[in-house]
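Student:
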Amino acid sequence: MRRDEPLRTQLVTGEVRVPLALYSVDENRGDVDLVLSRAEGQTLFTRLAEALGLVHPMLPAQRALGTVQ
756 MRRDEPLRTQ LVTGEVRVPL ALYSVDENRG DVDLVLSRAE GQTLFTRLAE
806 ALGLVHPMLP AQRALGTVQ
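Using this note's numbering, the first residue of the sequence shown is number 756, and each one after it goes up by one.
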């Protein structure tokens with residue numbers, strides 16, 4: 756991300772723009788925005804948080820083998 760630049764969201768469409776700085780061996784090669792849909796942004800955030808150990812993935816609920824009485 757580019758320092759001191761927040762991500763921007765479009766409330767109507769749900770688009771998320773993440774400001775990125777492109778580097779090659781410690782040399783800035785330019786700036787670009789990563790543009791994601793709302794669903795893509797949520798998925799990326801969740802996967803990054805899981806990879807960093809900030810949240811744990813939710814497992815499907817266990818189903819009972821017998822019938823409920």
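Just so you know, even glycine gets a beta-carbon here, dropped at the ideal spot from N, CA and C.
1. Bridge partners of L803, per DSSP?
2. In this structure, how does DSSP classify R793 when only helix, strand and coil are distinguished?
3. Taking just the CA atoms, how far does L762 sit from V773?
4. Is DSSP giving T798 helix, strand or coil here?
5. Starting from P761, trace the beta strand (DSSP E) in both directions and tell me its first and last residue.
6. Kindly list the residues whose CB is nearer than 8 Å to the CB of D786, restricted to its own chain and excluding five residues on each side of it in sequence; keep chain order.
Tutor: Straight from the coordinates:
1. Within the sequence shown, numbered from 1, the residue matching residue 803 stands at position 48. DSSP, once it has assigned bridges, lists no residue as partnering L803.
2. Position 38 of the sequence shown holds residue 793. Helix at R793.
3. For the purposes of this step, residue 773 is taken as residue 18 along the sequence shown, with counting starting at 1. For the purposes of this step, residue 762 is taken as residue 7 along the sequence shown, with counting starting at 1. Their backbone Cα atoms lie some 5 Å apart in a straight line.
4. Counting from one through the sequence shown, the residue named residue 798 turns up at place 43. Three-state DSSP puts T798 in a helix.
5. The residue given as residue 761 occupies position 6 in the sequence shown. Here P761 belongs to no beta strand (DSSP E), and DSSP marks it neither H nor E.
6. For the purposes of this step, residue 786 is identified with residue 31 of the sequence shown, where counting begins at 1. Closer than 8 Å at the Cβ level, and outside the excluded window around D786, lie R757, P774, L775, A776, L777.
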